[in-house]
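Sequential numbering from 529 applies to the sequence shown in the working numbering.
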Amino acid sequence: MINTARPAYDELAARLGAPLGVEDARARWGSLVREARSGAITLITRERSEWAALVPLSKVSGLLSGLPLVPVSTARGKLGDLVRQVAHPYEHEPVLLSRHRRPVAALIAAARLIDAPAPRQLPTADVMLLGGGTIVLALDAHGRTTAGVHDQEGTEVAFGSGDSIRQALDALEDD
């Protein structure tokens, strides 16, 4: 029988990065969950045929109440079983991962991401803030908001302006 799902997973891996095996994901579990909380998506495979994705909660569609809730520490030890559970071909029910009984990330079937748009590139402002830079907001002489992005040394690397803070940040362009 021809496996028609495989090319879609190849495309997904090309968009999101190579998947980690369960053991590799388990070894990096704490940092992967932190990255998911910050918006990163990590593909995880079990026996090469069962694919799951560790995602931020924003990628879980629908209501979160009623979904299985597993503590992050417990999930690490049961990761193989959880990947199999969420990758089940007929259910695709997400599993929420929690710290202190509060959902912080989720495991979903990777197949749910196949038709999703490619992840957006982080704007300059986000990249700079994550790298230790700063954003300086100000009003210019005409009452417009300006946003200057500075690297760790204080050098301005991007600038934008607009009628609001949002517009100024959206208008950021690399110098």
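C-beta atoms are modelled at their ideal positions from N, C-alpha and C, and glycine is treated no differently.
Note down the Cα distance separating residue i from residue j, rounded to an integer number of angstroms.
i, j, result
"S692", "T673", "6 angstroms"
"L665", "L585", "30 angstroms"
"T506", "L597", "Any property of residue 506 remains undetermined from this structure, which presents the chain solely from 529 to 703."
"V611", "A637", "8 angstroms"
"E551", "V561", "15 angstroms"
"G524", "V632", "For the chain, the structure presents residues 529 to 703; residue 524 sits outside this window and is missing."
"D609", "G660", "38 angstroms"
"S589", "L624", "12 angstroms"
"Q649", "D643", "Because Q649 sits at a pLDDT of 49, beneath the cut-off of 50, its placement in the model cannot be relied upon, and the following sentence gives the value as read from the coordinates. Answer to the nearest angstrom: the Cα atoms are 18 angstroms apart."
"G545", "G594", "31 angstroms"
"A555", "G605", "10 angstroms"
"S601", "L607", "10 angstroms"
"G688", "R694", "10 angstroms"
"S626", "L591", "16 angstroms"
"A536", "R543", "11 angstroms"
"P599", "A639", "24 angstroms"
By the DSSP assignment, the beta strand (DSSP E) with residue i in it spans what residues?
i, result
"T673", "673-678"
"P631", "630-637"
"A666", "662-667"
"R627", "623-627"
"G690", "684-690"
Terminal residues of the continuous alpha helix (DSSP H) containing residue i?
i, result
"A696", "693-698"
Under 8 angstroms by Cβ, that's how I've got residue i and residue j pegged, so tell me the actual separation to the nearest angstrom.
i, j, result
"L635", "A580", "5 angstroms"
"T570", "A564", "7 angstroms"
"A615", "E578", "4 angstroms"
"L676", "E684", "Looking at the sequence provided, one finds Gly at residue 676 rather than Leu. Sure, about 5 angstroms apart at Cβ, within 8 angstroms."
"L478", "A686", "Examination of residue 478 is not possible in this model, given that the chain is present from 529 through 703 alone."
Whole alpha helix (DSSP H) elements within the region 532-562, 4-residue minimum: 534-544, 550-555
Minimum length 3: unbroken beta strand (DSSP E) runs contained in the region 557-614: 570-574, 578-583, 597-599
Between the region 669-689 and the region 611-625, do three or more beta carbon pairs fall short of 8 angstroms? no
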